[in-house]
Amino acid sequence: MGIPLTVEARATRTKRELRELRGQGKVPGVIYGSGLAGPTLIALAERDLLPLLRTHPNAVLDVAVPGGLKEPVVISEVQRDPLSHQVVHIDLHQINMNEKLKTHVRLEVTGDSTGVREGGILTLMLHELEIECLPNQLPEVIEINVASLGVGENLLVSDLTLPAGVTVRSDADQVVVTILAPQKELSAEEAEAQAVEAHEAEARSKEAKMQEVKTGVGGQPAQVGGS
603 MGIPLTVEAR ATRTKRELRE LRGQGKVPGV IYGSGLAGPT LIALAERDLL
653 PLLRTHPNAV LDVAVPGGLK EPVVISEVQR DPLSHQVVHI DLHQINMNEK
703 LKTHVRLEVT GDSTGVREGG ILTLMLHELE IECLPNQLPE VIEINVASLG
753 VGENLLVSDL TLPAGVTVRS DADQVVVTIL APQKELSAEE AEAQAVEAHE
803 AEARSKEAKM QEVKTGVGGQ PAQVGGS
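For what it's worth, the numbering used here labels the leading residue of the sequence shown as 603, then goes sequentially.
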């Protein structure tokens, strides 16, 4: 079962009509899907939508399609005003509960890290994971246990424990979380920038080694990339 979401049919199409609809605290949207007669114009209360976007943006939703039956859907696109960041439009897509779904799921850190206890700085490099699974196997979050992670160590996507039926689609070599060595007056932003730089340097090193193997050049590794 998905999360119930109430929507209503709408006939508004012009810019003026859509502005009036938003002025009433409603968000215009469209439901798409091969099982529908065609794209269905809807509106839903902003007060119902915003908490959902904050807590379950990738969840399966149960929507009573106007003029039809209750259908399982997922949010496929959210449009926001570039200045106010107010949600101005939403697209929902009907899904088949027997077909695998490709989506993203939030990552959540758990555990008391050894490295943090020693003064290290925990930096989350990846906030979401791209996965594939059946809709009824979709997890709300994937937990990252960092209890055994020491200073200078990190966890990769390939190190994560996934729920049954869930397949990862993100790059297995991506760094998910790292523990940086403590430095005097190092801000969180500086720590994250340092971690990114270290990860990129490691990637360039791996690429150089691969290039050396491909070209058969001994001694100094072949140069890769520009300045």
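Every residue, glycine too, gets a C-beta built ideally from N, C-alpha and C.
Review point. Quick one: complete beta strand (DSSP E) runs, 3+ long, within the stretch 629-668?
Key: 642-647 and 663-666
Review point. When the distance is taken between beta carbons, is Ile-733 closer than 7 Å to Val-779?
Key: no
Check your understanding: How would you label Thr-616, buried or exposed, when you count the other beta carbons within 10 angstroms and need 16 or more for buried?
Key -> exposed
Practice item. Entirely within the stretch 682-757 and at least 3 residues each: give me those beta strand (DSSP E) ranges in chain order. Key: Considered as a whole, the stretch 682-757 harbours 689-696, 703-712, 723-726, 730-735 and 743-747 as its complete beta strand (DSSP E) runs of no fewer than 3 residues, in chain order.
Point to revise | Residues near Pro-606 by beta carbon distance below 7 Å, same chain, minus five either side | key: Here the set comprises Asp-664.
Exercise for review: Return the bridge partner residues of Leu-607 from the DSSP annotation.
Suggested key: Val-665, per the DSSP bridge assignment.
Practice item. Report the residue from Leu-751, Arg-649, Asp-761 and Asp-773 whose alpha carbon sits nearest the alpha carbon of Ala-783. Key: Leu-751
Review point. Do Lys-702 and Leu-736 come within 7 Å of each other at the CB atom, strictly closer than that value?
Key: yes
Practice item. Return the Cβ separation of Glu-673 and Gln-696 in integer angstroms, given the expectation that the two are a contact with Cβ distance under 8 Å. Key: Between Glu-673 and Gln-696 the beta-carbon gap is near 5 Å, inside 8 Å, which marks them as a contact.
Exercise for review: Classify Thr-642 as buried or exposed, calling it buried when 16 or more other Cβ atoms lie within 10 Å of its own Cβ.
Suggested key: buried
**Study point:** Unbroken alpha helix (DSSP H) run spanning Leu-623, endpoints
**Key:** 617-625
**Study point:** Three-state secondary structure assigned by DSSP to Ser-678
**Key:** strand
Practice item. Specify, as a first and last residue, the run of the beta strand (DSSP E) that Val-779 falls within. Key: Looking at the DSSP string, the run of the beta strand (DSSP E) that includes Val-779 is 777-782.
Review point. Does the distance from the C-beta atom of Val-777 to that of Met-727 stay below 7 Å?
Key: yes
Practice item. Note down the Cα distance separating Val-676 from Asn-756, rounded to an integer number of angstroms. Key: 33 Å
Review point. Among Ser-636, Thr-657, Leu-652 and His-706, which one has its Cα closest to the Cα of Ala-687?
Key: This sequence places His at residue 687; Ala is not what is there. Cα-wise, what sits closest to His-687 is Leu-652.
**Study point:** Pick from Asp-714, Leu-762 and Ala-661 that is closest to Gly-604, judged by C-alpha positions
**Key:** Ala-661
Review point. What's the C-alpha gap between Val-667 and Gly-637?
Key: 11 Å
Point to revise | Reference Thr-657; option with closest CA among Arg-618, Val-770, Ile-781 and Val-707 | key: Val-707
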